[in-house]
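Structure first, then comments.
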Amino acid sequence: MKLYNEELVPKLAKEFGLNVMAVPKLKKITVNVGAKEGVSDKKVIEKIVEQLTVITGQKPVVKKAKTAIAGFKLKENDPIGVMVVLRSVRMYDFLEKLIKIVLPRVRDFRGVPAKSFDGQGNYSLGLSEQIVFSEIDYDKIDKVRGLQVNFSISGSNDANSRKLLELFGMPFVKNNKYG
Numbered sequence: 083m084k085l086y087n088e089e090l091v092p093k094l095a096k097e098f099g100l101n102v103m104a105v106p107k108l109k110k111i112t113v114n115v116g117a118k119e120g121v122s123d124k125k126v127i128e129k130i131v132e133q134l135t136v137i138t139g140q141k142p143v144v145k146k147a148k149t150a151i152a153g154f155k156l157k158e159n160d161p162i163g164v165m166v167v168l169r170s171v172r173m174y175d176f177l178e179k180l181i182k183i184v185l186p187r188v189r190d191f192r193g194v195p196a197k198s199f200d201g202q203g204n205y206s207l208g209l210s211e212q213i214v215f216s217e218i219d220y221d222k223i224d225k226v227r228g229l230q231v232n233f234s235i236s237g238s239n240d241a242n243s244r245k246l247l248e249l250f251g252m253p254f255v256k257n258n259k260y261g
């Protein structure tokens with residue numbers, strides 16, 4: 083937070099010619115884990131909740147199905163995923179951990195794709211394994227699961243938001259094939 087307020091805001095305001103109040107700001111980070119197995123086995127959801135609590139430092143919310151879908155054998159209110167919304171200090175701590183510790187541990191890591199912006203400046207990043215987080219004990223996991231990390235940014239466009247994430251240290255892919 084100190085890095086953002088003291089270093090990044092003046093740099094971004096000067097670069098984009100914006101008022102300091104109009105500079106893109108990271109509002110929240112959402113971490114999601116989908117769990118289709120949670121419909122048949124309730125212990126799966128408990129394990130995911132436990133792992134996501136260890137990863138983020140905050141207790142997650144279990145998301146439930148809003149409607150029944152017979153083709154998927156899904157009933158209304160069946161647990162289908164787990165979600166955590168990080169804000170303020172926990173958000174910046176998670177961002178720093180993700181950039182400096184977790185992403186370098188990803189096998190064959192060459193950078194994150196720069197095309198995962200949504201047009202309003204928000205960014206999504208998918209991780210295929212939860213074991214890249216050092217807090218997770220490999221011997222205690224029942225199944226390797228992926229997770230989705232979404233960055234909600236108050237920037238008006240993708241270019242401003244990308245520059246903000248780059249200044250935080252997000253390692254975007256350098257070649258033209260992906261970014």
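Residue numbers (this note's numbering): 83 to 261.
The C-beta atom is built at its ideal place from N, Cα and C for all residues, glycine as well.
No experiment lies behind these values; they were computed from the predicted model shown.
- Task: Kindly list the residues whose CB is nearer than 8 Å to the CB of THR138, restricted to its own chain and excluding five residues on each side of it in sequence; keep chain order.
- Result: Taking the sequence shown and counting its residues from 1, the one referred to as residue 138 is at position 56. Closer than 8 Å at the Cβ level, and outside the excluded window around THR138, lie VAL113, VAL166, LEU168, ARG172 and PHE176.
- Item | Nearest-angstrom Cα separation, counted from VAL143 out to ILE111 | By one-based count along the sequence shown, residue 111 stands at place 29. By one-based count along the sequence shown, residue 143 stands at place 61. Straight through space, the alpha carbons of VAL143 and ILE111 are spaced by roughly 14 Å.
Check: Using CA coordinates, which residue listed in ASN87, PHE191 and VAL226 is at the minimum distance from GLN133?
Finding: In the sequence shown, residue 133 corresponds to position 51, counting from 1. Between GLN133 and the set ASN87, PHE191 and VAL226, the nearest pair of CA atoms involves VAL226.
- Message: Let me make sure I understand the geometry here. Which of PRO195, SER170 and LEU209 has the alpha-carbon closest to that of ARG189?
- Response: Counted from its first residue, the sequence shown places residue 189 at position 107. Among PRO195, SER170 and LEU209, the Cα nearest to that of ARG189 is on LEU209.
Between which two residues does the beta strand (DSSP E) harbouring GLN230 extend? Within the sequence shown, numbered from 1, the residue matching residue 230 stands at position 148. For GLN230, the uninterrupted beta strand (DSSP E) run begins and ends at 229-235, by DSSP.
#### Entry: Spatial neighbours of ILE213 in its chain, beta-carbon cut-off 7 Å, leaving aside the 5 residues before and after
Here residue 213 corresponds to residue number 131 of the sequence shown, with the count starting at 1. Around ILE213, the same chain offers TYR220, ILE223 and VAL226 as residues with beta carbons nearer than 7 Å, after the five sequence neighbours per side are excluded.
Item to check | Per-residue DSSP class, three states only, for PHE191 | outcome: On the sequence shown, residue 191 is found 109 positions in, with the first residue counted as 1. Under the three-state reduction of DSSP, PHE191 is assigned to coil, being neither helix nor strand.
### Task
Starting from the N-terminal side, write out each stretch of the beta strand (DSSP E) that is 3 residues or longer and does not extend beyond the region 140-169.
Counting only unbroken stretches of 3 or more residues, the beta strand (DSSP E) elements lying wholly within the region 140-169 are 143-146 and 161-168, in sequence order.
**Asked** At which residues does the beta strand (DSSP E) containing LEU94 begin and terminate?
**Response** In the sequence shown, residue 94 corresponds to position 12, counting from 1. For LEU94, there is no enclosing beta strand (DSSP E); the residue is found in the alpha helix (DSSP H) stretching over 91-98.
**Prompt:** At which residues does the beta strand (DSSP E) containing ASN114 begin and terminate?
**Reply:** The residue given as residue 114 occupies position 32 in the sequence shown. Its beta strand (DSSP E) spans residues 108-116.
Would you kindly work out how many angstroms separate the C-alpha atoms of GLU128 and SER206, rounded to a whole number?
-> Mapped onto the sequence shown, residue 128 falls at position 46. Mapped onto the sequence shown, residue 206 falls at position 124. Cα to Cα, GLU128 sits roughly 25 Å from SER206.
I need the boundaries of the alpha helix (DSSP H) containing SER210, first residue and last residue. Residue 210 sits at position 128 when you count from the first residue of the sequence shown. Neither: SER210 is in no alpha helix (DSSP H) and is coded neither H nor E.
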